[in-house]
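Data first, discussion second: the structure below is written as structure tokens.
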Amino acid sequence: MKKTTNEIRQKFLEFFQEKGHTILPSSSLIPKDDSTLLFTNAGMNQFKNFFLNPKKKKYSRVTTAQRCLRTGGKHNDLENVGYTERHHTFFEMLGNFSFNDYFKKEAITYAWELLTSAKWFNINQNKLWISVYENDEETYKIWIDIIKISPQHIIKIGDKNNSKYNSENFWQMGDTGPCGPCTEIFYNYDIKNHHDFSDFLKNKNEYFIEIWNIVFIEYNRISSKSIIPLEYKSIDTGMGLERISSVLQDVNSNYKTDVFQKLIQNIASFSKTKNLNNISLKIISDHIRSCIFLIYENVIPSNEHRGYILRRIIRRMLRHAYKIGIKKNFFHKIVPYFIENISENFNFIKEKEKQIKETLKTEEIQFSETLEKGLKILNIEIKKISNQKISGKTIFYLYDTFGFPVDLTLDVCREKGIKVNLDGYYLEREKQKKHSKIGSKFYTNYNQIININDHCTFEGYKKNTIKALIKQIYINEKLTSSILEGESGIIFLDKTCFYPESGGQVGDIGKLYYKKSHFIVKDTKKYGNTIGHIGTLIKGKFKINDFLYTKIDTLYRKNIQINHSATHLLHSALRKILGNIVTQKGSLVTHTRLRFDFSYPKNISFYDIQKIEQVVNAEIYKNNLIKVQYCSLEEAKKKKAIALFESKYNSIVRVISIKNFSIELCGGTHTKRTGDIGLFKITDQSSISSGIKRIEAITNSQSINLLHIQENKLKDISTLLKANSVNFKNKIEKLITKVKDLEIQVNILQKKENIHQIKKITEKIEDIKGVKLLINIFQKYDYKSLKLIIDQLKKDFKSIIIIFINKNNNHFNIIAGVTKNLTNFLTALEIIKIFTQLSNGKGGGKDEIAEGSSVNTMNLSKILKIIKSWINSKLEN
Ligand code: SER
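What follows is the structure, given as structure tokens:
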């Protein structure tokens, strides 16, 4: 019987357990504390520090089945997905690792035994082929002399383009990090035709698939130009679970394995296609897995960073769904099927089923319209072109005007065999960037220039000041040996008490000093494993290898700590009042305020906000101790600790607990007791995107200040009202009633006054060629009433032109009215135009009524005279 994918995973781990390896869980898809990686892209990522730093190594032999995502960054397979039988965005990588334990011989022997022995995977040896790094004679010999592989089945692969270590057989994690030569094991699907292995390497035919990569980690790449040997040697191997399943299940495609077939059949049932080999089905079945696991890790679709990759995957998936006739609102329907039928090994997903479904649904609804519009326009453009090439301008137009992703344009064109001018697109984009000065938020320059091998110990949980050694100094992103008075830069130390910005908590400020030299730290940030003190040297000089004292601004830190602890109380109170559906999406903790973003689909009422404040303050009054403990992730889970959204797998975690009210994994700094928070006050509540709410709050003296500001405002109003805090509301209500009564009376009086005015001014009506003309100047007359008077006069006199001026201190308004029957000769708007030109004023309106205003009251009578003679001439004509 063929093994299922779940059984294959299990067998792999068991094999290495028998060989003395500890089975460890997969780490999160979001790498922990590693700014060099967007997503976990290999099994070895979680052990990066074990390879680099002997002191950090906790095991000698380990085996895992690691969830990986190869989209964005050095290893990116997105474009290949669906078009080959074995590339994925999300996949599982089986691996065995040795840290300064066994090396080449054992690693190769273990792999060979697992693959070929009858007890394990029992693969026919003749179907296996090997590649080794050209200079790695030792490995070549192991294959030939110990494993006894035929020399026809092994090939040496060297460097490309004469560039050292640039080879298929030299594996590198990313632009920096552990690396080394590797040997790869291939499986040949088509043994009968006996395809030439070297031909495969040239032409990449699909009969040979790489199933296992054994990397001999010996080096650390520290920059594009520099690579250094490591203190000890290690093994990192990786075998794609989906690929080995396709081999052991004897199908020639990952998409034909048990897991994918179930998924594909489910997706096809919603579509119009019956062909289970359809590329779109493959793409959707791949992408949905990435989406589920990414949203599980609390990534939400957005326009930057990880959220942007998720958005790209969802949108690509939607385009393919659209193509095979899948109706709207569909993706979230696959999620329950996946959970029920496929995720045997991933039971944990169930806890976030609702969140995953809602996120997919929202994104699908939002994007559907753009997709339809964009595809329509793209198809029109494709029909128009004569040279079978879409211009950069069109790609940019689709993206910029309609939000139609460039990926999708490329995908559509690729299917239709149409070329794209991508360079032209970049050019257009650059032009616009320059124009609008928008920068890319993707990577920070500093992360690329800091030697990530450096390590800085954070000692600031307990100490506010310590002595430390200067390791590196950067000025203007360049490494220098010293920093002089007046210069700004970043100083790196061997240890520090400055907390670097992370987990929402802002970086510390303070000073670095020694004797007469003073460096003012205005921010602290993490750079890989080290910590940068950003600021300016105001006095003296510092150079590399100098000792100095680090001293944080303690008041600033104290206020941050208070706000951080208050954030934990708020988080728990939200879950208590609104339910466990509340999931943290982000936070900001500064010395003056805190901000907490979380997913919650409904509106939060004013009363709920008050309840939340009450619950938090009740915990503050208890003055409970805020305890910090280190324990295993398992223990923390047992305690039901809330994991922060950025928190990733780490065997030992830091837990902050406030009795049983709040237990959270957190690396931040906290105050000693809840009573230190003083008073907690929510200042604002808003919705930042669909389903994501934001609460802003203050504590301690900030809350008291706010109360004082509000109290002062109330006091001012009370004084104006001649009221006190007891009869305050009553007085305002009375005042409002009184104002309403007065308004009614004023209206009555105004109407009487209007009638009186009409009588008075009709005496001034002149007759020009049978047409009535009335010009009158009022002083501070009720403006609305003037319009009513015009309406009345128009009714009373069937052919009339009315011009009213209303003088108000230093400016005047004009309203002109013309009965409809006269608008063929002259219009109210024309009158106002003459007026605005002559008086330097402004105005506008329609043919029958128009108005304007001006501050130039000097020549009013002259202006009116001109208007009058213009009317005369018009009527005469
Ligand atoms: N790190 C290597 C790879 O990803 C082997 O695990 O291929």
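So for the sequence shown, the numbering used here puts the first residue at 1384; every next one is plus one.
Just so you know, even glycine gets a beta-carbon here, dropped at the ideal spot from N, CA and C.
(Q) Nearest by alpha-carbon distance to K1968: which of R1976, A2026 and N1928 is it? (A) Considering only alpha carbons, the answer is A2026.
Q: Quick one: which unbroken alpha helix (DSSP H) runs of 4-plus residues sit fully inside the stretch 2176-2260? Chain order, please.
A: List check, alpha helix (DSSP H) in window: 2211-2222 and 2243-2259.
(Q) Nearer than 6 Å: is that true of the beta carbon of V1598 relative to any heavy atom of ligand 1? (A) Result yes, Cβ under 6 Å from ligand 1.
Q: Mind checking who S1970 pairs with in its DSSP beta bridge?
A: As computed with DSSP, S1970 is found in a beta bridge with F1979.
Q. Any heavy atom of ligand 1 closer than 6 Å to the Cβ of A1425?
A. Flag set: Cβ of A1425 near ligand 1.
**Q.** Cross-strand partners of I1873 (DSSP beta bridge)
**A.** For I1873, which the question treats as bridged, DSSP gives the partners Y1857 and I1917.
**Q.** When D1641, A1704, T1492 and K1415 are compared against I1671, the one with the closest alpha-carbon
**A.** Among D1641, A1704, T1492 and K1415, the Cα nearest to that of I1671 is on A1704.
Q: Just mark L2090 as buried or exposed, buried being the case when its beta carbon has 16 or more other beta carbons within 10 Å.
A: Per the 10 Å Cβ criterion, exposed.
Q: For the alpha helix (DSSP H) containing S2072, list its first residue and its last residue.
A: Looking at the DSSP string, S2072 is not in any alpha helix (DSSP H); the run it does join, the beta strand (DSSP E), is K2064 to S2072.
Q: From the DSSP output, read off the bridge partner residues of H1901.
A: Looking at the DSSP output, H1901 shares a beta bridge with Y1896 and K1922.
Q. Going along the chain, which unbroken runs of the alpha helix (DSSP H) with 4 or more residues stay wholly within the stretch 1713-1787?
A. Listed in chain order, they are 1714-1724, 1736-1767 and 1775-1785.
Q) Do you know how far the Cα of I2092 is from the Cα of Q2220? A) Those two C-alpha atoms are separated by around 49 Å.
Q. If you run the structure through DSSP and keep just helix, strand and coil, what is W1512?
A. Here DSSP, grouped into helix, strand and coil, assigns W1512 to strand.
Q. Exposed or buried, H1470, counting other C-beta atoms within 10 Å across all chains shown (16 or more means buried)?
A. It is buried - the Cβ of H1470 has at least 16 other Cβ atoms within 10 Å.
Q: Answer yes or no: do S1673 and I1696 have a C-beta to C-beta separation smaller than 7 Å?
A: Yes. Within cutoff.
Q: Express the C-alpha separation of L1631 and S1500 in angstroms, rounding to a whole number.
A: Between S1500 and L1631, the C-alpha separation is close to 13 Å.
Q. For N1389, which of helix, strand or coil comes out of DSSP?
A. Residue state, collapsed to three classes: helix.
Q) R1444 by DSSP, collapsed to three states: which one? A) R1444: strand per DSSP, three-state reduction.
Q. Would you report the Cα separation of Q1393 and S1663, rounded to the nearest angstrom?
A. Going from the Cα of Q1393 to the Cα of S1663 covers about 31 Å.
(Q) ligand 1 and G1560: does the residue's C-beta get closer than 6 Å to at least one heavy atom of that ligand? (A) No; taking the cut-off as 6 Å, the Cβ of G1560 has no heavy atom of ligand 1 nearer than that.
Q: Could you pull the start and end residues of the beta strand (DSSP E) that E1338 belongs to?
A: The question about residue 1338 has no answer, for the chain in this structure spans 1384 to 2260.
Q) Just to check, is the beta-carbon of D1633 closer than 6 Å to a non-hydrogen atom of ligand 3? A) Summarising the ligand content, the structure contains ligand 1 and does not contain ligand 3.
Q | Range covered by the beta strand (DSSP E) that runs through T1933 | A | In the DSSP assignment, T1933 falls within the beta strand (DSSP E) that extends over F1930 to I1935.
Q.
With the cut-off set at 7 Å, would you say L1452 and F1422 are in Cβ contact?
A. Yes, Cβ-Cβ distance for L1452 and F1422 is below 7 Å.
**Q.** Heavy atom of ligand 1 within 6 Å of W1554 beta-carbon
**A.** At least one heavy atom of ligand 1 lies less than 6 Å from the C-beta of W1554.
Q. Just how far apart, CA to CA, sit K1824 and R1689?
A. Confidence in K1824 is poor, its pLDDT being 26 and thus under 50, which makes the residue's placement unreliable; the coordinate value appears in the next sentence. Roughly 12 Å between the two C-alpha positions.
(Q) Is the beta carbon of F1729 closer than 7 Å to that of L1412? (A) Going by C-beta atoms, L1412 is not nearer than 7 Å to F1729.
Q: Give a yes or no on contact between the stretch 1926-1940 and the stretch 1875-1885, applying the rule of three or more CB pairs nearer than 8 Å.
A: Taking a cut-off of 8 Å on C-beta distances, the stretch 1926-1940 touches the stretch 1875-1885, as three or more cross pairs fall below it.
Q.
Just checking T2261 against ligand 1 - is the residue's beta carbon closer than 6 Å to any of the ligand's heavy atoms?
A. The first residue shown for the chain is 1384 and the last is 2260, placing residue 2261 beyond what the model contains.
Q.
Considering only the alpha carbon of each residue, which of K1766, K1415, N1712 and S1726 lies closest to K1740?
A. Per the Cα distances, N1712.
Q. If you drop the 5 nearest sequence neighbours on each side, which residues of the same chain put their C-beta closer than 8 Å to that of K2155?
A. Residues I2148, E2149, F2180, S2182, I2183 and I2184 of the same chain have their beta carbon placed closer than 8 Å to that of K2155, with the five preceding and five following residues left out of the count.
Q | Cα-Cα separation between N1507 and L1498, rounded to whole angstroms | A | Each residue's CA atom was taken as its position, placing N1507 and L1498 some 9 Å apart.
Q | DSSP-derived helix/strand/coil call for A1851 | A | A1851 falls in the strand class under three-state DSSP.
**Q.** R1453 in three-state terms, based on DSSP
**A.** In the displayed model, R1453 falls within coil according to three-state DSSP, outside both helix and strand.
(Q) Could you check if D1460 belongs to the surroundings of ligand 1, using beta carbon to heavy atom distance under 6 Å? (A) In this structure, D1460 has its CB at a distance of at least 6 Å from all heavy atoms of ligand 1.
(Q) I need the straight-line Cα distance from E1390 to L1477, nearest angstrom please. (A) The straight-line gap from Cα to Cα measures roughly 13 Å.
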